[in-house]
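Count along the sequence shown starting at 1, add 645, and that's the number in our numbering.
Here's the structure we're looking at; comments come further down.
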Amino acid sequence: MKKIDISKKYNLPSDVKFCKKCVISNQRPRIIFDKDQICSACRYFDYKKTIDWKKREEELKNLLDKYRSNNEDYDCVVPSSGGKDSAYVAHELKNKYGMNPLTVTWAPLKYTDIGWENLINFNNSGFDVIMGMPQGDIKRKLTKHALIEMGDPFQGFIYGQVLFPVTIALRFGIKLIFRGENAEAEYGGSPDSWNKKFLPFEDFKKIWFSNYSLDFWLNKGFTKKELRFFYPPAIEELQNKKCDSYFYGYYRNWSNHSNFYYASKNTGFKPNNRRTEGTYTKYSSIDDKLDTFHHWFALLKFGHGRCTSNAAREVREGYITREEAIALVQKYDSEFPSLYFKEFLEFTNLNEIEFWEIASAWRNERLWELKGNDWVKKYSVK
Ligand SMILES: [Zn+2]
646 MKKIDISKKY NLPSDVKFCK KCVISNQRPR IIFDKDQICS ACRYFDYKKT IDWKKREEEL
706 KNLLDKYRSN NEDYDCVVPS SGGKDSAYVA HELKNKYGMN PLTVTWAPLK YTDIGWENLI
766 NFNNSGFDVI MGMPQGDIKR KLTKHALIEM GDPFQGFIYG QVLFPVTIAL RFGIKLIFRG
826 ENAEAEYGGS PDSWNKKFLP FEDFKKIWFS NYSLDFWLNK GFTKKELRFF YPPAIEELQN
886 KKCDSYFYGY YRNWSNHSNF YYASKNTGFK PNNRRTEGTY TKYSSIDDKL DTFHHWFALL
946 KFGHGRCTSN AAREVREGYI TREEAIALVQ KYDSEFPSLY FKEFLEFTNL NEIEFWEIAS
1006 AWRNERLWEL KGNDWVKKYS VK
């Protein structure tokens, strides 16, 4: 496989820098560093402290009043895997604000036991769940080709995760979709995104699909029929039915930690009994066995992995110090996800040689160097 020029492809700055407040580097696509070398996610966190959250809640109530159902019909869709964040959104909408949400789950590639248990607990706590599960053979093929073409095995999954709730909302005549946090603002996009209440459908491609539309796959040997479940609704249908995707994190002060406590208390959410490979946390994105490969390939491309993202968030929220975050990153960030490696190979129908060839093509050698038999980061957070 041909070596990919990652820095060029993602337009990454040539001078590698780390945020002085958290531990993220400027190699994260679309993140912005200011003159004091502080990242836009940290700046957004400071900005959030100045927001009048009471006023935002009033805005939320006004919005909900416009959509609230007066009969037994659903009035909003919450895309939900049964994880802590969506559980918090759905539960609060129902129990604090009197809405009637329909929750929509896009099935993980391979459920973990704890992920399935959390979905059942969530379902038992009072939610109707519709699950989308595309044909297994196509899902697996798409995962394999997404890995080869984009260096991210989850790119196929993301289409369904983002678009399937929209399709369901349209079929049920629901005009309001609540997604969780505005990830662009929360984790380091442009300050233009800080006050966005919702993401227009036209922006989905840029933000979530790394500028690849589903049509790209038609040229790679997939048929429209095979990808039916992944396909977006027609723009005209969306416009006619006026179905909007709002960020819950615009209206309520978003915190992964608080969401965890909220979901534990209210929807029976349980953390894993061991930490996720590549990081130290036990409660974030624990429902898919193959998810660790999404993060590991990001590590190859951008030089920072899942631990960096988790630790950066916790520094911002004041749960750990920057020094503690650096120690965690040194310990866990580069860890290879060996626990489900065999299952990943089986799922994608790749052998080990093919896997390492793909990994080699997507490893950004501007950020990595080979020392003996080990690839080590050229730049580490200090
Ligand atoms: Zn930062």
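Idealized CB from N, CA, C, for every residue including glycine.
query: Please report the distance separating the alpha-carbon of residue 736 from that of residue 896.; result: 15 Å
query: Would residue 734 be called buried (16 or more neighbouring beta carbons within 10 Å of its own) or exposed?; result: buried
query: Is the beta carbon of residue 590 less than 8 Å from the beta carbon of residue 1007?; result: Outside the shown range of the chain (646 to 1027) lies residue 590, about which nothing can therefore be said.
query: Using 8 Å as the Cβ pair cut-off and three pairs as the minimum, do the segment 881-890 and the segment 922-931 touch?; result: no
query: Is the Cβ-Cβ distance between residue 813 and residue 749 less than 8 Å?; result: yes
query: Ordered along the chain, which non-local residues of its own chain (more than five positions away) have a Cβ less than 8 Å from that of residue 870?; result: none
query: Looking only at its own chain, which residues have a Cβ that is under 6 Å from the Cβ of residue 651, when we skip the five neighbours before and after it?; result: 946 and 1009
query: Tell me the DSSP secondary structure of residue 891 in three-state form.; result: strand
query: Nearest to residue 597 by CA position, among 860, 718, 762 and 846, is which residue?; result: Here the chain covers residues 646 to 1027 and nothing more, so residue 597 does not appear.
query: I'd like to know whether the C-beta atoms of residue 755 and residue 935 end up nearer to each other than 8 Å.; result: yes
query: Taking 7 Å as the cut-off, is the C-beta of residue 664 nearer than that to any heavy atom in ligand 1?; result: yes
query: Give the secondary structure of residue 1010 by DSSP, where H, G and I count as helix, E and B as strand, and everything else as coil.; result: coil
query: For residue 841, decide whether its Cβ has a neighbour in chain B, counting only Cβ atoms nearer than 8 Å.; result: In summary, chain B is missing from the structure at hand, where a single protein chain is found.
query: Could you tell me the alpha carbon to alpha carbon distance between residue 911 and residue 667, rounded to whole angstroms?; result: 31 Å
query: Would you check if the segment 691-698 and the segment 784-802 touch, i.e. whether three or more CB-CB distances between them fall below 8 Å?; result: no
query: So, under 8 Å CB-CB, residue 649 and residue 949 are touching, yes? Tell me the CB distance rounded to an integer number of Å.; result: That belief does not hold up - the Cβ atoms of residue 649 and residue 949 are roughly 18 Å apart, past 8 Å.
query: Whose C-beta lies closer than 6 Å to the C-beta of residue 727 among residues of the same chain, with five residues either side of it excluded?; result: 763, 764 and 767
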